[in-house]
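Below: the structure, in structure tokens.
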Amino acid sequence: MKRNQNLSKYLSDLRSSDLQMRHAAEDALATLGKIVVESLVQFLQEEKESEPKWYAARALARVGEPAVGALLDLLHIDSRDEVRRYAAAALAEMKNPAIAEIISLLGEPDPKLRRYGMMILCRIGALAVEALKAASQDNDGMLGQCAQYTLLHIGIQPRQE
């Protein structure tokens, strides 16, 4: 019961006008790890103000790998750009734990999901290059084309035909 009370308090503190309180709440939520992922994702979906969403996304990024699947699911199920931007920011901040899963977005039929995948990978930059080069070998599909395009945006010349 105490854990739920603390979780509710920390989520509430993300809305505080006190910057130190928001930072402390982010730190505490990140420290709780996997058990807060679902609550933070729900917070991103329900919160109206952008600043608390930003701190929730930062906490998710700090949770790391346990949050990757939930954030990718959020990109798929919530079509609102204001929610997707925070999910994308959290994934980009994670870097390595999320690269393979993010690359899979490049093969999605939904062009917005492909765009988010490309934006995230561009933000990750050099750490994603080798995985993007491997994905660019897919000559028959959208995944390979988008991987090549993403490499160009990062500043890497993809393979030559």
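The sequence shown runs contiguously to residue 165 in the working numbering. Backbone N, C-alpha and C fix where the C-beta goes; we use that ideal spot for every residue, glycine too.
For residue 157, I'd like the list of residues in its chain whose CB is within less than 6 Å of its CB, leaving aside the five on either flank, ordered along the chain. Along the sequence shown, read from residue 1 onward, the residue named residue 157 stands at position 153. Cβ neighbours of residue 157 beyond the five flanking positions: 126.
Classify residue 13 as buried or exposed, calling it buried when 16 or more other Cβ atoms lie within 10 Å of its own Cβ. As a first step, residue 13 must be located in the sequence shown, where it is residue number 9. The residue is exposed, with fewer than 16 neighbouring Cβ atoms inside 10 Å.
Closest by C-alpha distance to residue 35, when choosing among 52, 60, 48 and 19: Here residue 35 corresponds to residue number 31 of the sequence shown, with the count starting at 1. Minimum Cα distance to residue 35 is reached at 60.
Quick one: Cα of residue 28 to Cα of residue 41, how far? On the sequence shown, residue 28 is found 24 positions in, with the first residue counted as 1. On the sequence shown, residue 41 is found 37 positions in, with the first residue counted as 1. Using only the alpha carbons, I get a separation of about 17 Å.
Would you kindly work out how many angstroms separate the C-alpha atoms of residue 102 and residue 58, rounded to a whole number? In the sequence shown, residue 102 corresponds to position 98, counting from 1. In the sequence shown, residue 58 corresponds to position 54, counting from 1. Residue 102 and residue 58: Cα-Cα distance of roughly 19 Å.
Burial state of residue 17, where buried means 16 or more other Cβ atoms lie within 10 Å: Your numbering for residue 17 matches position 13 in the sequence shown. It is buried - the Cβ of residue 17 has at least 16 other Cβ atoms within 10 Å.
Would you report the Cα separation of residue 33 and residue 110, rounded to the nearest angstrom? Taking the sequence shown and counting its residues from 1, one reaches residue 33 at position 29. Taking the sequence shown and counting its residues from 1, one reaches residue 110 at position 106. The alpha-carbon atoms of residue 33 and residue 110 are separated by roughly 30 Å.
Kindly indicate the opening and closing residues of the alpha helix (DSSP H) around residue 115. Locating residue 115 in the sequence shown gives position 111, counting from the first residue. 115-128 is the extent of the alpha helix (DSSP H) around residue 115.
Taking the alpha helix (DSSP H) that residue 69 falls in, what are its first and last residues? For the purposes of this step, residue 69 is taken as residue 65 along the sequence shown, with counting starting at 1. It spans 69-81 - the alpha helix (DSSP H) in which residue 69 sits, taken as one unbroken run.
Measuring straight from C-alpha to C-alpha, what distance separates residue 136 and residue 105? Taking the first residue of the sequence shown as position 1, residue 136 is located at position 132. Taking the first residue of the sequence shown as position 1, residue 105 is located at position 101. One C-alpha to the other measures close to 12 Å.
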